[in-house]
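Residue numbers (the working numbering): 6 to 363.
The C-beta atom is built at its ideal place from N, Cα and C for all residues, glycine as well.
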Ligand SMILES: C[S@@+](CC[C@H](N)C(=O)[O-])C[C@H]1O[C@@H](n2cnc3c(N)ncnc32)[C@H](O)[C@@H]1O
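Below, the structure written as structure tokens:
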């Protein structure tokens, strides 16, 4: 089996809050508010410099966390970052994973892909760069190292988990917080391109390649899979259970690309909307992910609400950068790094790009 996949080690803290909170709630529903204490075993597969482990530690304070990677430099950074943590950091190999497993949850986030290489305009079939068979065998290996009702979390994969041999044994875990399984270019099990990854403003979206069918739930939203019967989806609820009945339009898309623009161009995209209804004596913040649909419209996902203070609306309606002092001018070396980055981006990105008006 060809084992190494994603080459880039890009990472940061709390990159996937919707996934982490959904898994946390699902674990709590099975093991109670203590989240299974130290009996809960997690694996960060492709941990890079360990930022993901620090994040997992904040969601699962008592868990036994294991972290592996193929990149020796990244592993040393992780060991350094985690010097105060009890995490077990090890070199990724099928044998080492089996030695430490089985796990309750395996996170393989932004690992099972070749990005940004898959964005190249010359690639219409990915097989020469990353074979579906390799993706499937890695998935089989990870699935084989899960406990009986363990969960496998996947984000940014070039191929679709639901096309693998093990998918029928898994149920999809869904929640209002999880609206997308990533932005990297998608390919079918023969390696043929399904989507192009494209930038709209600062956000990545999917452009469908040729006459592909747009199956929003199966192909673009599923990212947490729980081993078991493989039957109905598992729904993880969030927030207040009784909401004002009228569905208010979002006042603000706080995070995400210009959805009407994306919908009119058949781009697959998601953005998070907020609104602030009065509810009895309270003010609520209601959030909902919104997605483009195959019909070219924008659809609201299931909303979730929390009670809030009166000043929260003003805070959320403010752009994060608007209260900062002006940025210092870049130094000469920062300008050089920026120029190299734009050249790389130009090489990997398709020429038709739109700057979002949001
Ligand atoms: C883009 S980083 C993702 C880091 C982190 N999971 C995140 O999402 O922030 C991808 C990481 O996967 C690692 N990787 C690639 N193939 C792997 C494999 N077979 N086993 C473990 N790690 C692998 C790379 O070395 C790299 O550090």
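Assigned secondary structure, residue i (DSSP; H/G/I helix, E/B strand, else coil)
| i | result |
| --- | --- |
| residue 144 | helix |
| residue 47 | strand |
| residue 323 | coil |
| residue 11 | coil |
| residue 29 | helix |
| residue 85 | helix |
| residue 350 | helix |
| residue 338 | helix |
| residue 92 | coil |
| residue 329 | coil |
| residue 236 | coil |
| residue 20 | coil |
| residue 175 | strand |
| residue 345 | helix |
| residue 362 | The predicted model places residue 362 with a pLDDT of 27, which falls under 50 and marks its position as unreliable, so this point remains unresolved. |
| residue 38 | coil |
| residue 166 | helix |
| residue 67 | coil |
| residue 59 | helix |
| residue 307 | coil |
| residue 356 | With a pLDDT of 43 at residue 356, under the threshold of 50, the modelled position of that residue is not reliable, and no figure is offered here. |
8 Å contact criterion, which residue i and residue j should meet: CB distance rounded
| i | j | result |
| --- | --- | --- |
| residue 158 | residue 112 | 5 Å |
| residue 65 | residue 45 | 6 Å |
| residue 312 | residue 287 | 5 Å |
| residue 244 | residue 309 | 3 Å |
| residue 209 | residue 163 | Residue 209 to residue 163, Cβ: 14 Å. No contact. |
| residue 75 | residue 9 | 5 Å |
| residue 271 | residue 225 | Wrong, their Cβ atoms sit about 13 Å apart, outside the cutoff. |
| residue 326 | residue 335 | Incorrect: roughly 16 Å between the Cβ atoms, too far for contact. |
| residue 167 | residue 125 | Actually they do not touch by this definition, with Cβ atoms about 25 Å apart. |
For residue j and residue i, the rounded distance between their alpha carbons
| i | j | result |
| --- | --- | --- |
| residue 340 | residue 127 | 29 Å |
| residue 48 | residue 197 | 31 Å |
| residue 83 | residue 283 | 46 Å |
| residue 91 | residue 70 | 7 Å |
| residue 119 | residue 97 | 17 Å |
| residue 37 | residue 122 | 43 Å |
| residue 216 | residue 274 | 18 Å |
| residue 356 | residue 261 | Here the model assigns residue 356 a pLDDT of 43, short of 50, so the residue's position is not dependable, and the following value carries that caveat. Distance between the alpha carbons of residue 356 and residue 261: 21 Å. |
| residue 15 | residue 53 | 7 Å |
| residue 298 | residue 147 | 32 Å |
| residue 211 | residue 303 | 15 Å |
| residue 205 | residue 33 | 37 Å |
| residue 104 | residue 220 | 38 Å |
| residue 360 | residue 207 | Residue confidence is low: residue 360 scores 31 on pLDDT, short of 50, so the model does not pin down where it sits. No coordinate-derived value is stated. |
| residue 324 | residue 218 | 36 Å |
| residue 314 | residue 165 | 42 Å |
| residue 338 | residue 348 | 16 Å |
| residue 114 | residue 350 | 22 Å |
| residue 358 | residue 266 | The predicted model places residue 358 with a pLDDT of 38, which falls under 50 and marks its position as unreliable; any figure quoted below should be read in that light. Going from the Cα of residue 358 to the Cα of residue 266 covers about 12 Å. |
| residue 149 | residue 106 | 9 Å |
| residue 101 | residue 23 | 29 Å |
| residue 40 | residue 214 | 42 Å |
| residue 77 | residue 289 | 47 Å |
Cutoff 7 Å; reference residue i; Cβ partners in own chain excluding five residues on either side
| i | result |
| --- | --- |
| residue 362 | Since pLDDT at residue 362 reaches only 27, below the 50 mark, its modelled position is unreliable, and the value read off the structure follows with that caveat. Within the same chain, residue 362 has close Cβ partners 263. |
| residue 27 | 178, 180, 182, 183, 229 and 241 |
| residue 318 | 281 |
| residue 62 | 70 and 90 |
| residue 389 | With the chain covering only 6 through 363, there is no way to say anything about residue 389. |
| residue 79 | 14, 53 and 54 |
Other residues of its chain near residue i: CB distance less than 6 Å, five sequence neighbours each side excluded
| i | result |
| --- | --- |
| residue 7 | 139 |
| residue 193 | 199 |
| residue 382 | Residue 382 lies beyond the range of the chain shown here (6 to 363); nothing can be said about it. |
| residue 259 | 277 and 279 |
| residue 85 | none |
| residue 19 | 60 |
| residue 333 | none |
| residue 129 | 198 |
| residue 321 | 279 |
| residue 68 | 45 and 47 |
| residue 307 | 181 |
| residue 30 | 241 |
Spatial neighbours of residue i in its chain, beta-carbon cut-off 8 Å, leaving aside the 5 residues before and after
| i | result |
| --- | --- |
| residue 235 | 172, 173, 174, 175 and 176 |
| residue 87 | 55, 58, 59, 72 and 94 |
| residue 269 | 301 |
| residue 13 | 120 and 121 |
Any C-beta of chain C under 7 Å from that of residue i
| i | result |
| --- | --- |
| residue 63 | Of the protein chains in this structure there is only one, and it is not chain C. |
Counting only runs that start and end within the segment 238-301, where is the alpha helix (DSSP H) found for 4 or more residues in a row? 264-269
Contained beta strand (DSSP E) runs [length at least 3] in the segment 177-224, N- to C-terminal order: 200-205 and 208-213
Curious, which full-length alpha helix (DSSP H) runs of at least 4 residues does the segment 99-155 contain? 99-105 and 137-149
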